[in-house]
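>
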Ligand code: SAH
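Residue numbers (our numbering): 17 to 372.
1. Consult DSSP for residue 19 and reduce its assignment to one of helix, strand or coil.
2. Using the Cβ count rule (16 or more neighbours within 10 Å means buried), how would you classify residue 372?
3. Taking a contact to mean a Cβ-Cβ separation below 8 Å, would you say residue 315 touches residue 113 in this structure?
4. Using the C-alpha atoms, what's the distance from residue 297 back to residue 270?
5. With contact counted as at least three CB pairs below 8 Å, one residue from each stretch, are the segment 39-59 and the segment 183-192 in contact?
6. Have a look at residue 139 and residue 325 and give me their C-alpha separation to the nearest angstrom.
7. Cβ of residue 215 within 7 Å of any heavy atom in ligand 1?
8. Could you check how far apart the C-beta atoms of residue 237 and residue 280 are, in whole angstroms? I think they sit under 8 Å.
9. Can you name the start and end residues of the beta strand (DSSP E) that residue 114 belongs to?
10. Please name the residue in 47, 127 and 277 whose C-alpha comes closest to that of residue 25.
11. Going by DSSP, which residues form a beta bridge with residue 101?
12. Looking only at its own chain, which residues have a Cβ that is under 6 Å from the Cβ of residue 278, when we skip the five neighbours before and after it?
13. Using the rule of at least 16 other Cβ atoms within 10 Å of the residue's Cβ for burial, across every protein chain shown, is residue 318 buried or exposed?
14. Might you give, ordered along the chain, the residues of its own chain that have their beta carbon closer than 6 Å to the beta carbon of residue 350, omitting 5 neighbours on each side?
15. Where are the beta strand (DSSP E) runs, 3 residues long or more, that stay fully inside the segment 246-331, in chain order?
16. For a test of the three-state rule: what should DSSP assign to residue 24, helix, strand or coil?
17. Return the CA-CA distance between residue 65 and residue 163, expressed in angstroms with no decimal places.
18. Hey, would you say the C-beta of residue 211 is under 7 Å away from at least one heavy atom of ligand 2?
19. The beta strand (DSSP E) spanning residue 179 covers which residue range?
20. With a threshold of 16 other CB atoms inside 10 Å of the CB of residue 322, please say whether the residue is buried or exposed.
21. Measuring straight from C-alpha to C-alpha, what distance separates residue 363 and residue 71?
22. Name the DSSP beta bridge partners of residue 54, please?
23. Mind checking whether residue 106 and residue 99 have CB atoms under 8 Å apart?
24. Cα separation between residue 226 and residue 67?
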């Protein structure tokens, strides 16, 4: 008999599972607390569960722990990248990102960037994960366990999550949302919904669905340029959901959920960082309130790119600063993302399993 992986089951599912094993439903609630609140790694730790039931669990279930096969630490900052092996041998990475020292509340905040798929089918021309192709979706349990394992390994509580690792979260919508339900549950990991950001390359239909479901997590769109033709060149998904449709979906999201979406914008030298690009970005902010997150382009030359990806260059630092300043003058909230973990290929877009 195939043993059932327990991580990833909801409160109700675990109660039904306990019942199906001839136990009282509340045993499921105990399992839920052990898995997600106390981070148990073995059944033996579950001391308030009878020895007999634990023995039965050993036979019929397993926790579904990810196996940590590598940990790399940045030399220049405290970024840590974990490489996890999944049950079927596939692997994904997660990145622990310490806050910038000077930011308020920095000592209490710790962010984990989680993966949602093994590889990614979208083929964005600037992204290392895209060069791997797509293998499969992660289960909710595999997403949640990235957080549990990172907490165990770092011995620290993760307070913030970004769904910005490998994969496109919106293509794995159900498992991603299930993982969020577990991660935010106060009987489980109790991470604040406002401290979770889901980032998408641009699935307008799923953005609308999130709005209709009134999901309280933060939403980020990897926009990168407002020019539909240019965007199609670097992000083929634009053929399916063109820029105007994406902006409409964001406006819809804002009006339903009343949360400002974030527009992520990697700056590529001479490609999307001109005054005309600025003017267009500022014009969008007149349609609905938004935040802009400027991202320095991180080299993915280690993937040996060809085509347009090989031609993209990072915008010089001074231009990033003047671009940010111009947006601020137009009353737009702007953040320039820091590039922690570049020396271990752990910065945005660098996850590809090819390096340390
Ligand atoms: N598929 C989702 C989440 C993963 S990517 C999405 O596209 O949003 C997370 C962020 O990293 C996205 O904004 C993506 O555009 C950005 N990114 C990808 N490659 C990058 C690179 N080489 N340099 C900087 N940012 C990159």
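For every residue, glycine included, the Cβ atom is placed at its ideal position computed from N, Cα and C.
On the basis of the coordinates in this document:
1. One-based indexing of the chain shown puts residue 19 at position 3. Correct three-state label for residue 19: coil.
2. Taking the first residue of the chain shown as 1, we reach residue 372 at position 356. The predicted model places residue 372 with a pLDDT of 36, which falls under 50 and marks its position as unreliable, so this point remains unresolved.
3. Numbered from 1 along the chain shown, position 299 holds the residue referred to as residue 315. Numbered from 1 along the chain shown, position 97 holds the residue referred to as residue 113. Cβ atoms of residue 315 and residue 113: not closer than 8 Å.
4. Taking the first residue of the chain shown as position 1, residue 270 is located at position 254. Taking the first residue of the chain shown as position 1, residue 297 is located at position 281. Their backbone Cα atoms lie some 17 Å apart in a straight line.
5. no
6. Along the chain shown, one-based indexing puts residue 139 at 123. Along the chain shown, one-based indexing puts residue 325 at 309. If I take the Cα positions, the gap works out to 10 Å.
7. Mapped onto the chain shown, residue 215 falls at position 199. Flag set: Cβ of residue 215 near ligand 1.
8. Taking the first residue of the chain shown as 1, we reach residue 237 at position 221. Taking the first residue of the chain shown as 1, we reach residue 280 at position 264. Going by Cβ atoms, the distance from residue 237 to residue 280 rounds to 7 Å, so yes, they are a contact pair.
9. In the chain shown, counting from the first residue as 1, residue 114 sits at position 98. Counting along the chain, residue 114 falls outside any beta strand (DSSP E), and DSSP gives it neither H nor E.
10. Counting from 1 along the chain shown, the entry for residue 25 is found at position 9. The shortest Cα separation from residue 25 among 47, 127 and 277 belongs to 47.
11. As a first step, residue 101 must be located in the chain shown, where it is residue number 85. Per DSSP, 83 and 107.
12. One-based indexing of the chain shown puts residue 278 at position 262. So the list reads 236, 307 and 309, once near-sequence residues are dropped.
13. Indexing the chain shown from 1 puts residue 318 at position 302. Residue 318 is exposed by the Cβ-count criterion.
14. To locate residue 350, count along the chain shown from 1; it is residue 334. If we look at residue 350 and ignore the five residues flanking it on each side, its Cβ neighbours are 308, 340, 343 and 344.
15. 278-283 and 307-312
16. As a working note, residue 24 is residue 8 in the chain shown. It is coil, neither helix nor strand.
17. To locate residue 65, count along the chain shown from 1; it is residue 49. To locate residue 163, count along the chain shown from 1; it is residue 147. Rounded to the nearest angstrom, the two C-alpha atoms are 24 Å apart.
18. Ligand 2 is not part of this structure, which contains only ligand 1.
19. The count along the chain shown starts at 1 and reaches residue 179 at position 163. First-last of the beta strand (DSSP E) with residue 179: 176-179.
20. As a first step, residue 322 is located in the chain shown; it is residue number 306 there, counting from the start. The residue is exposed, with fewer than 16 neighbouring Cβ atoms inside 10 Å.
21. Your numbering for residue 363 matches position 347 in the chain shown. Your numbering for residue 71 matches position 55 in the chain shown. Residue 363 and residue 71: Cα-Cα distance of roughly 43 Å.
22. Sequence index remark: in the chain shown, residue 54 carries index 38 (1-based). DSSP, once it has assigned bridges, lists no residue as partnering residue 54.
23. Working through the chain shown from its first residue, we reach residue 106 at position 90. Working through the chain shown from its first residue, we reach residue 99 at position 83. Result no, Cβ atoms of residue 106 and residue 99 do not sit closer than 8 Å.
24. Within the chain shown, numbered from 1, the residue matching residue 226 stands at position 210. Within the chain shown, numbered from 1, the residue matching residue 67 stands at position 51. Taking the straight line joining both Cα atoms gives about 43 Å.
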